[in-house]
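Structure record follows, encoded as structure tokens.
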Amino acid sequence: MEVLIPILAAAVRSGTPILYATLGEILTERSGVQNLGLEGLMLMGAFMGFSVTHATGNPWLGVIAAFVTGAAISLVHAFLSVSIGANQVVSGLAVAMFGTGASALLGRKMVGLTVTGFGKIPVPVLSGIPVVGPVFFDHDPLVYISYGLAFFLYWFIFHTRPGLNLRAVGESPIVVDAMGLSAARLRYAYTLVGGGLAAVGGSYLSLAYTKMWSEGMSAGRGWIAVALVIFALWNPVRAILGSYLFGGVGAMQLRIQAAGTSFPAPILMMMPYIFTILVLLAISVKKGKGILLGSPGALGVPYSREERT
Amino acid sequence: MILPMKYRVVLRRRFKTGLLFEGVLPVLSVAAALVFAGGALSVFGVSPVATYRAMFRGALGSGYGFSEVVVKTIPLVISGIAVALAFRMKTWNIGAEGQIYLGALASAAMVRYFPSGNQAVMLLTMTVGAALAGGAWGYMAGFMKSRWNVNEVITTLMLNYIGLHLADYFIYGSWRDPSSLGFPMTPPFPPSARLPQFFGTRVHLGIVAAVILVLVFRLVIRWTRWGFEIRAIGDNPRAAVYSGIRYGRNVELVLFISGAIAGLAGMTEIAGLQGRLQPGFSPGYGYTAIIVAWLARLNPWAILVVSFFMGVLLVGGETIQVIMRLPLASVQVIQGCILFSVLGFEFFRNYRVFLVRKESG
């Protein structure tokens, strides 16, 4: 058990950026919009968070800047998906490309710099609990916020009136429209918030995880988050489990490499991706043909008031 | 008192588009994208004029640059056709990149384990191996899709990374050239495993394969029963299934063939160009292919043109990397803007916009 604790704690840390991105995408997809561009949003978040923190010395400003940036880029995606009714897969890929390119271009002068960023703040009392304490309550504030956010979103989506509207617009926008709410406005709002959260996940990488910026530093986490949304069945609490599972795979990989075993690195690197496919497979096989209980009915389908049928 | 005249925007659904419109719209949307991207570049502290000029000069300012553009056009056309085939059936093969790697990996395996001094035999084995390996990579996603309805966007994406690392496993492992001074690469291929190059440039036989594929794609989609099934599913999957077309079988088949074609791009790339397998030999051709197919609206002739244009961007990107010391990823800013713009301009394909004057009061 003693050996496992550092690995589990590392799993939480390395799963946190994925958790933010997954939570964001759950909101976006619950509203019926699919945003595949998380990888680009995370990179932009990582860059913006880092550069603002470097300039101001305040990592919280960095996080806010990351959120705003993510939301701003998602605005383009929302416009194309909601207002134009364009193809969301392609638009999402465009977000990923733009974010990857723009962050590399902007960050070229930031390489090699470091920030103080977020430090560890053990939670009083709770961090003293054996096993649970060091694993969950001996981290930086962004980790604690992610716990709260996941449970808050669960409550929000399933137990509040706005949450009901969110689920409704993802399920059947025509009903929401008939209720006198604007389907488009709701979708815009959640696409923006979702993109902002993904960028916050990216800022965790540069502000708490590595405390520096490097090109392409999200290293595929954004794509994994897209897959994790399905694993989580669009449920924020299940997203916690999935994110830490993947964080754990990542943490193990680093440890095995550090231990200097002869196990080839490329095989380790492909583990998270193989694992993602296996997990998707397991879920899909289990649920059978009546696939994906949580899947929003109108996911990826544009809605136009004039053309409702 | 006279109230000011006001204009009102009226949208009407557009049902038919003319040939002129089809030609002008993509050009307009790319032009707009270059303006957006230019704006973005200047916000990022890079002069767009200098960047575009350097890109243009690097790609089209010399015979060498032009030939390099053609060299990049080849894999883009082949993998563009690959993803266009899947897209025509509204099946999302985002995995061309991984399939390219698998194709290259299989070609290198053929050279290593089944070498032949006869060029025709060697190239044929490499081609078959590449197509089978790339096809298998696509088929996996197709099988999971048809059998358990696993989202193919995610599986093909994940398979990209797996394929890339799988290639690394061999390149960094047992296939590494002992005389390469520690550089991760396989030993150079023998002359029999190389595609002939033309005109003293790096343009290789793959260009013929690319053109043939364009013709075959057109032929199959337009004139065969299978092509009809693909189009039927792409236009209305439910109606297609009701009319007796088997969806699952077609998903598997289309992703297999799509993967096989992308695998071929991997083969022509290393047999025609590099002459050995090394990491990162594809600068994201499989992803750029998605832009190519989309911008070309899945039209095979347009895929040729758009691939060339993307080739200009890629060669231009390498130029600004050298001359202006910008990261190669900068090109992705432009690529992203092009996709955004093309999607945005779709609006004008679907609607006619009128400004109607109205008297208010």
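Quick mapping for you: the protein sequence lines, in order, are chains U and P.
Position in the first sequence (from 1) plus 2 gives the number in the working numbering.
Note that the working numbering gives residue 34 to position 47 of the second sequence, counting from 1, and the numbers run on in steps of one.
Glycine is no exception: its CB is placed at the ideal position from the N, C-alpha and C atoms.
These numbers were taken from a predicted model, which means no experiment stands behind them.
Neighbourhood of VAL91(U) in chain P, by CB distance below 7 Å: TRP79 and VAL140, in chain order. Under the Cβ distance rule, SER167(P) does not count among the residues neighbouring chain U, no pair being separated by less than 8 Å. Taking a beta-carbon distance threshold of 8 Å, ALA74(U) does not count as an interface residue toward chain P. Inter-residue distance for LEU202(P) and LEU240(P) is about 20 Å (C-alpha atoms, whole angstroms). Exposure of ASN105(P) is indicated by the presence of fewer than 16 other C-beta atoms within 10 angstroms of its C-beta. For LYS(-7)(P), the enclosing beta strand (DSSP E) covers residues -7 to 0.
In the structure shown, GLN184(P) falls within a strand segment according to DSSP collapsed to helix, strand and coil. Every alpha helix (DSSP H) of 4 residues or more that sits fully in the region 196 to 240 of chain U is shown, in chain order, as 223 to 233. Going by C-alpha positions, ARG189(U) is about 46 Å away from PHE157(P).
The C-beta distance from TYR272(P) to GLU9(P) rounds to 26 Å, too long to meet the 8 Å contact threshold. Cβ atoms of ARG75(P) and GLY221(P) come within 8 Å of each other, at about 5 Å. Taking 4 residues as the minimum length, the alpha helix (DSSP H) runs contained wholly in the region 166 to 231 of chain P are 193 to 210, 212 to 222 and 224 to 229, in order along the chain.
Measuring C-alpha to C-alpha distances from ASN237(P) to each of ILE278(P), ARG0(P) and PHE130(P) identifies PHE130(P) as the nearest. At least one CB of chain U lies nearer than 8 Å to the CB of HIS152(P). Interface flag for ASP164(P) against chain U is unset, since no Cβ pair is found closer than 8 Å.
By the CB criterion at 8 Å, LEU282(P) and SER93(U) fall outside the cutoff. When C-beta distances to chain U are compared with 7 Å, the residues of the region 302 to 317 of chain P below that value are LEU313, PRO314, ALA316 and SER317, in chain order. The beta-carbon of VAL320(P) is placed less than 8 Å from the nearest beta-carbon of chain U. At least one C-beta of chain U is nearer than 8 Å to the C-beta of LEU144(P). Runs of the alpha helix (DSSP H) spanning 4 or more residues and lying entirely within the region 62 to 137 of chain U occur at 90 to 108, in chain order. Rounded to whole angstroms, the separation of the alpha carbons of GLY25(P) and LEU15(P) is 15 Å.
LEU29(U) and GLY198(U) have their C-alpha atoms spaced approximately 11 Å apart.
A straight-line Cα-Cα distance of about 12 Å links GLY72(U) and ASN37(U). The beta-carbon separation of ALA128(P) and LEU146(P), rounded to 6 Å, stays under the 8 Å limit for a contact. Counting only the Cα atoms, ILE75(U) lies some 38 Å from ILE194(P). In the DSSP secondary-structure assignment, VAL343(P) is bridged to ARG(-5)(P).
Residue-level contact by beta carbon holds for THR278(U) and chain P, with a gap shorter than 8 Å. Sequence-distant Cβ neighbours of ALA68(U) in its own chain, meaning closer than 6 Å and more than five residues away, are GLY47, MET50, GLY51, ALA201, VAL202 and SER205.
Under the Cβ criterion of 8 Å, MET219(U) is not counted among the residues facing chain P. Taking 7 Å as the upper bound on Cβ-Cβ separation, chain U lies near no residue of the region 249 to 271 of chain P.
Closest in C-alpha terms to GLU31(U), from the list ARG169(U), PRO124(U), ILE242(U) and PRO266(U), comes ARG169(U). With a threshold of 8 Å between beta carbons, MET131(P) makes contact with chain U. Residues of chain P whose Cβ lies closer than 7 Å to the Cβ of TYR275(U) are, in chain order, MET145, TYR148 and ILE149. A direct Cα-to-Cα measurement between HIS191(P) and VAL91(U) gives close to 34 Å.
Collapsing the DSSP output to three states places TYR305(U) in coil. Per the C-alpha coordinates, the member of SER269(P), VAL340(P) and ILE277(P) positioned closest to ASN80(P) is ILE277(P).
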